Amino acid sequence: VRNLCVAVIGRKTATVVRNRLFEAIIYQDIAFFDGNDTGQLTSRMTNDANAMVDPMKTLLNTLLANLVTLVGGLVLCFVTSWRLSIVAFTTMGPMMYVTQEYAKWSAGVNKRIWDALARANAIATEAF
342 VRNLCVAVIG
352 RKTATVVRNR
362 LFEAIIYQDI
372 AFFDGNDTGQ
382 LTSRMTNDAN
392 AMVDPMKTLL
402 NTLLANLVTL
412 VGGLVLCFVT
422 SWRLSIVAFT
432 TMGPMMYVTQ
442 EYAKWSAGVN
452 KRIWDALARA
462 NAIATEAF
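So the sequence shown is residues 342 to 469, counted in this note's numbering.
Pasting the structure below:
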């Protein structure tokens, strides 16, 4: 059930993203189309929309599963030993910091990857 809900939400979100991107491209001046390759625009419409939605679907699926696990784990921790639970939660701050720094670094790497893919698709599309 969870996977079905996430899939439906992901498809609806992808449709909205593609439609908004298409509308934004259509309303550009003619100079915009002269300065950009058709292949690059096509690549951006398909690949970037999917690149935005796929991680969101994975994140939503993981978030729902982990939220249930977290609530159950918190209840069990505090029922077992509230003092030990407080000591265990002191490690959450450093772990959250490391995760946030990794997310920033990863976002930069992913942007460079998608830019390179768009350039490659533009060259391939224009070649045919």
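We treat Cβ as the ideally placed atom computed from N, Cα and C, and that holds for glycine. Remember, it's a predicted structure, so these values are computed and weren't measured experimentally.
*What span of residues does the alpha helix (DSSP H) with residue 386 cover, start to end?*
Position 45 of the sequence shown, counted from the first residue, corresponds to residue 386. Run containing residue 386: none; DSSP gives neither H nor E here.
*Measure the C-alpha to C-alpha separation of residue 360 and residue 465 and round it to an integer number of angstroms.*
For the purposes of this step, residue 360 is identified with residue 19 of the sequence shown, where counting begins at 1. For the purposes of this step, residue 465 is identified with residue 124 of the sequence shown, where counting begins at 1. Going from the Cα of residue 360 to the Cα of residue 465 covers about 24 angstroms.
*Which whole-angstrom value is the C-beta distance of residue 380 and residue 467, which I expect to be below 8 angstroms?*
Locating residue 380 in the sequence shown gives position 39, where the first residue counts as 1. Locating residue 467 in the sequence shown gives position 126, where the first residue counts as 1. Confirmed, about 5 angstroms.
*asked:* One question on the structure: do residue 355 and residue 391 come within less than 8 angstroms of each other, judged by their Cβ atoms?
replied: Position 14 of the sequence shown, counted from the start, is the residue given in the question as residue 355. Position 50 of the sequence shown, counted from the start, is the residue given in the question as residue 391. A contact, by the Cβ cut-off of 8 angstroms.
*Going by other Cβ atoms of all chains shown within 10 Å of its Cβ, with 16 needed for buried, is residue 462 buried or exposed?*
Looking up residue 462 in the sequence shown gives position 121. Under this definition residue 462 is a buried residue.
*Contact set for residue 363: own chain, Cβ-Cβ below 8 angstroms, skip 5 residues either direction*: Locating residue 363 in the sequence shown gives position 22, where the first residue counts as 1. Within the same chain, and ignoring the five residues on either side of residue 363 in sequence, the residues whose Cβ sits closer than 8 angstroms to its Cβ are 386.
*Would you mind giving the Cβ-Cβ distance between residue 455 and residue 389, rounded to the nearest angstrom? I have them listed as a contact below 8 angstroms.*
By 1-based counting over the sequence shown, the position of residue 455 is 114. By 1-based counting over the sequence shown, the position of residue 389 is 48. Yes, they are in contact, since the Cβ atoms of residue 455 and residue 389 sit about 6 angstroms apart, within 8 angstroms.
*CB residue 347 to CB residue 401, shorter than 8 angstroms?*
Counting from 1 along the sequence shown, the entry for residue 347 is found at position 6. Counting from 1 along the sequence shown, the entry for residue 401 is found at position 60. Using a Cβ distance threshold of 8 angstroms, residue 347 and residue 401 count as a contacting pair.
*Just the C-alpha distance for residue 430 and residue 418, rounded to the nearest angstrom, thanks.*
Counted from its first residue, the sequence shown places residue 430 at position 89. Counted from its first residue, the sequence shown places residue 418 at position 77. The straight-line gap from Cα to Cα measures roughly 10 angstroms.
*What is the rounded straight-line gap between the Cα of residue 460 and the Cα of residue 450?*
Position 119 of the sequence shown, counting from 1, holds the residue named residue 460. Position 109 of the sequence shown, counting from 1, holds the residue named residue 450. A direct Cα-to-Cα measurement between residue 460 and residue 450 gives close to 16 angstroms.
*For the alpha helix (DSSP H) that contains residue 344, what are its first and last residues?*
Position 3 of the sequence shown holds residue 344. Its alpha helix (DSSP H) spans residues 343-367.
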